[in-house]
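I have placed the structure first, in the form of structure tokens, so that the comments after it can refer back to it.
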Amino acid sequence: DIVMTQGVLPNPVPSGESASITCRSSKSLVYKDGKTYLNWFLQRPGQSPQLLTYWMSTRASGVSDRFSGSGSGTYFTLKISRVRAEDAGVYYCQQVREYPWTFGGGTKLELK
Amino acid sequence: EVQLVESGGGLVQPGRSLKLSCLASGFTFSNYGMNWIRQAPGKGLEWVASISSSSSYIYYADTVKGRFTISRDNAKNTLYLQMTSLRSEDTALYYCARGGVAPDYWGQGVMVTVSS
């Protein structure tokens, strides 16, 4: 199985600053079609997860352009610009390159 | 508006069975792959199972393979998860989520508690 490892944020993050969340996979997530099968989700307290980006860097419908995904085949970053109160929660990366799909352990973002 | 509403959860004894349902609305259900993803209390997300739009392709996590069965009824816009031989470690909030490789809509989840 592909293991997903997420980094820790130096919390709390001052409102208005940027935050970068990292995720590493144990195997390349680049498929033969050239796409990188990595998703990012945000789970706000008490809510269901929300898809932020897919194919590593494509924002989901309705997601603010303050969220941007980037990376290589095995190392990924979700950057949040101008952090706001509603960005607080736990961020998860997920690989969908192959079954079984696997998630990272989550990275908590707290705001100051 | 896309809506996914799970039901069928509850308290069940170890070794017993339970069947979850997810009623979909606001989109053409038969065009989308669907998934079950769970979250144990205070823990992270764990993918459980996926089914393609026509049920041709089905995948399971090793932790549930042989015990859980995912299925769907496109005429009823409903996704199912039949769970048997339940264990305490299956205690979790179970979400259904729409989509193939990008689960873009999630239900609110249904709680399953396995305890004697």
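Protein chains in written order, with this note's numbering: chain V, 7 to 118; chain E, 403 to 518.
Virtual Cβ for every residue (Gly too), placed ideally from N, Cα, C.
Quiz item: When you compare only the Cα positions, how much space is there between residue 66/V and residue 49/V?
Solution: The residue given as residue 66/V occupies position 60 in the first sequence. The residue given as residue 49/V occupies position 43 in the first sequence. So the two alpha carbons sit approximately 15 angstroms from each other.
Quiz item: Comparing alpha-carbon positions, which option in 61/V, 23/V and 15/V lies nearest residue 100/V?
Solution: Start at 1 with the first residue of the first sequence, and residue 100/V comes out as number 94. Looking at the Cα atoms, 61/V is the closest of the given residues.
Quiz item: What is the DSSP secondary structure of residue 54/V, reduced to helix, strand or coil?
Solution: By 1-based counting over the first sequence, the position of residue 54/V is 48. Residue 54/V falls in the coil class under three-state DSSP.
Quiz item: For a contact meaning CB atoms closer than 7 angstroms, what does residue 508/E contact in chain V?
Solution: As a position in the second sequence, residue 508/E is number 106, starting the count at 1. Neighbours of residue 508/E on chain V, chain order: 54 and 55.
Quiz item: Between which two residues does the beta strand (DSSP E) containing residue 471/E stretch?
Solution: The count along the second sequence starts at 1 and reaches residue 471/E at position 69. According to the DSSP assignment, residue 471/E belongs to the beta strand (DSSP E) that extends over 470-475.
Exercise. Classify residue 5/V as helix, strand or coil using the three-state DSSP reduction.
Key: With chain V covering only 7 through 118, there is no way to say anything about residue 5/V.
Practice problem: For residue 405/E, collect the residues of the same chain with a Cβ closer than 6 angstroms to its Cβ; drop the 5 residues on either side in sequence, then sort them by chain order. | Solution: Taking the first residue of the second sequence as position 1, residue 405/E is located at position 3. Counting only Cβ-Cβ distances below 6 angstroms, and skipping sequence neighbours, we find 427 and 428.
Practice problem: Taking residue 103/V as the reference, give the member of 71/V, 22/V, 91/V and 35/V with the closest Cα. | Solution: For this step, residue 103/V is matched to residue 97 along the first sequence. Taking only the C-alpha atoms, the option nearest residue 103/V is 35/V.
Quiz item: Do the stretch 407-418 of chain E and the stretch 16-36 of chain V make contact, defined as three or more Cβ pairs closer than 8 angstroms?
Solution: Touching, no, given that fewer than three Cβ pairs across the two stretches are closer than 8 angstroms.
Quiz item: How far does the beta strand (DSSP E) with residue 465/E in it reach, from first residue to last?
Solution: Position 63 of the second sequence, counting from 1, holds the residue named residue 465/E. For residue 465/E, there is no enclosing beta strand (DSSP E), as DSSP marks it with neither H nor E.
Self-check item: Residue-level contact to chain E via CB, residue 82/V, 8 angstroms cutoff
Solution: What you label residue 82/V is simply residue 76 of the first sequence in a count that begins at 1. Chain E, which has no Cβ nearer than 8 angstroms to the Cβ of residue 82/V, makes this no.
Quiz prompt | Ranges of the beta strand (DSSP E) found wholly within the stretch 75-107 of chain V, counting only runs of at least 3 | solution = Qualifying beta strand (DSSP E) stretches, in chain order: 81-86 and 95-101.
Quiz item: Considering only C-alpha positions, which residue in the set 52/V, 51/V, 30/V and 53/V is nearest to residue 42/V?
Solution: Taking the first sequence and counting its residues from 1, the one referred to as residue 42/V is at position 36. Looking at the Cα atoms, 30/V is the closest of the given residues.
Exercise. Using a Cβ-Cβ cut-off of less than 7 angstroms, give me the residues of the stretch 85-105 of chain V that come near chain E, in sequence order.
Key: Identification of residues in the stretch 85-105 of chain V having a C-beta nearer than 7 angstroms to some C-beta of chain E yields 98, 102 and 105, given in sequence order.
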